[in-house]
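Enquirer: Numbering (this note's numbering), first residue to last: 3 to 203.
1. Can you give the Cα-Cα distance for residue 192 and residue 78, rounded to whole angstroms?
2. Under the DSSP definition of a beta bridge, which residues are partnered with residue 84?
3. Going by DSSP, name the residue or residues bridged to residue 38.
4. Taking the beta strand (DSSP E) that residue 59 falls in, what are its first and last residues?
5. Look up residue 22 in the DSSP assignment and say whether it is helix, strand or coil.
6. So, at 7 angstroms on beta carbons, what are the nonlocal neighbours of residue 60 in its own chain, with the 5 sequence-adjacent residues on each side left out?
7. Taking the alpha carbon of residue 129 as the reference point, which residue from 181, 26, 168 has its own alpha carbon closest?
8. Run through the DSSP bridge pairs and tell me what residue 78 is partnered with.
9. Just curious, the alpha helix (DSSP H) that residue 111 is in, first and last residue?
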């Protein structure tokens with residue numbers, strides 16, 4: 003969950019809240035790009051269709067995630083977006099957002115910096131999903147995400163959120179974390195996960 007970018011978008015372009023049923027279409031490939039969307043609750047996907055009619059999922063959004071950020075600089079959407087389950091989705095008007103960013107260079111820099119961070123996070127997800135063993139995948143994530151000063155892993159969200167981010171069943175993630183705690187690789191407290199000194203990057 004990229005909560006900082008989500009919060010900034012709500013601050014710059016207060017949204018219209020829309021409710022979608024399961025399988026409800028948010029926008030279609032080729033529709034004119036008039037807004038950026040953020041997910042308040044539920045789950046949504048960006049999809050494309052092959053020439054054979056098969057649906058390919060490009061991205062799954064959870065609460066706090068954004069959809070169609072690139073639409074800010076494009077005329078049309080280049081994929082379909084649909085709700086997986088009943089969802090509340092915020093529509094941030096593109097013209098409003100562009101007007102605010104153009105008038106406020108500091109806001110534009112904040113937005114650009116957070117988009118850059120989101121790109122880095124996406125690359126990290128792709129790297130992690132190339133690691134087959136669940137324990138190795140979780141350890142690599144923790145090493146990449148831990149604060150070097152204290153070993154604390156920030157912005158995990160819920161453990162279910164983290165499982166989705168890592169491409170693991172949440173039951174698998176719970177088992178791996180319990181195993182790492184028994185091994186002394188991590189400890190857990192009310193705030194989340196701390197990586198031990200020996201395992202810090």
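Beta carbons: idealized from backbone N, C-alpha and C, even for Gly.
Expert: Based on what the coordinates show:
1. 44 angstroms
2. 27, 47
3. 94
4. 57-63
5. strand
6. 48, 49, 50, 81
7. 168
8. 34
9. 107-131
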